[in-house]
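Undergrad:
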DNA sequence: AAATAGTACCTTGCATTGTATAGTACCTTG
DNA sequence: CAAGGTACTATACAATGCAAGGTACTATTT
């Protein structure tokens with residue numbers, strides 16, 4: 085699989101999923117992995133970066149199934165960023181489609 | 085614009101456009117730029133790589149509008165690669181869509 | 001004739017981002 | 001107490017696009 089397609093998209097997925105509800109890292113890996121092959125080494129740096137950029141706030145919560153989980157909660161700035169990226173993605177997909185097939189239409 | 089989305093996709097666009105008919109570098113920049121912002125520094129290295137990988141063959145042709153153009157013609161291996169990438173892209177877009185919205189459906 | 005702009009090609013160094021790999025540590029179950 | 005699943009972190013590396021610069025030909029403007 086061309087993993088280059090992943091670039092930027094994983095970050096958008098993380099934002100979109102945290103926008104739905106608070107999430108922790110491992111959960112995000114599991115959720116995204118259902119469809120897109122990724123590893124933990126991909127998600128955690130993204131979470132750190134997005135937190136640094138004030139798109140997320142974090143809090144710890146104990147779990148009965150292992151060590152405490154670090155939950156990520158979206159900030160208003162994160163919400164804005166999410167919407168911006170989702171719009172850009174939709175636009176991008178349609179633009180690519182035009183380049184690929186639009187010429188003959 | 086999130087240019088990270090571009091990763092891998094530009095190469096696919098180049099392949100798809102050369103699959104339609106022989107193309108030269110500058111033409112590809114112009115064509116793709118209509119929808120996706122790219123520069124020559126992006127295209128020429130891709131053309132060199134794809135030629136090296138035997139997906140393209142090249143020939144020169146004089147032009148009345150400037151220096152000679154280096155045309156790229158697709159090989160059978162290139163055709164295969166193009167189809168492979170187009171399929172992966174379609175699959176990828178649908179997978180991303182699932183991660184973004186599929187959970188609630 | 002010189003300057004400018006458009007066409008056309010090429011190369012180098014950088015930034016970004018995902019991957020591989022490894023390590024730490026907690027909890028449950030056999 | 002060993003194994004496996006849960007959970008977080010860090011480091012080194014690879015791939016790719018971009019910015020910036022360079023060369024050179026043709027046509028148009030000054």
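Protein chains in written order, with the numbering used here: chain G, 85 to 189; chain D, 85 to 189. A virtual CB, placed ideally from N, CA and C, is assigned to each residue, including glycine.
1. Mind pulling the chain D residues with CB within less than 7 Å of residue 177 of chain G?
2. Taking three-plus beta-carbon pairs below 8 Å as touching, is the segment 164-174 of chain G in contact with the segment 144-156 of chain G?
3. Excluding the 5 residues flanking residue 154 of chain D on each side, which residues of the same chain have their C-beta closer than 7 Å to its C-beta?
4. Report, in whole angstroms, the separation of the C-beta atoms of residue 102 of chain G and residue 158 of chain G, which I expect to be a contact under 8 Å.
5. Taking the alpha helix (DSSP H) that residue 178 of chain D falls in, what are its first and last residues?
6. Report the neighbours of residue 92 of chain D on chain G: residues whose CB is nearer than 9 Å to its CB, in chain order.
7. If you measure beta-carbon to beta-carbon, which residues of the segment 99-121 of chain G are closer than 9 Å to chain D?
8. Would you check if the distance between the CB atom of residue 156 of chain D and the CB atom of residue 176 of chain D is smaller than 8 Å?
9. Give every residue of the same chain whose Cβ lies closer than 8 Å to the Cβ of residue 152 of chain G, excluding the five residues on either side of it in the sequence, and list them in chain order.
10. Tell me which residues of the segment 131-165 of chain G have at least one Cβ-Cβ distance to chain D shorter than 9 Å, keeping chain order.
11. Quick one: is residue 183 of chain G near chain D, going by C-beta distance under 8 Å?
12. Enumerated in chain order, which unbroken segments of the alpha helix (DSSP H) with a length of 4 residues or greater are wholly contained in the segment 87-148 of chain D?
13. Considering only the alpha carbon of each residue, which of G/135, G/166 and G/185 lies closest to residue 104 of chain G?
TA: The relevant details are as follows:
1. 177
2. no
3. 108, 109, 142 and 144
4. 5 Å
5. 160-185
6. 86, 87, 88, 89, 90 and 91
7. 100, 101, 104, 115, 116, 118, 119 and 120
8. no
9. 144, 145 and 146
10. none
11. yes
12. 93-104, 109-117 and 124-136
13. G/166
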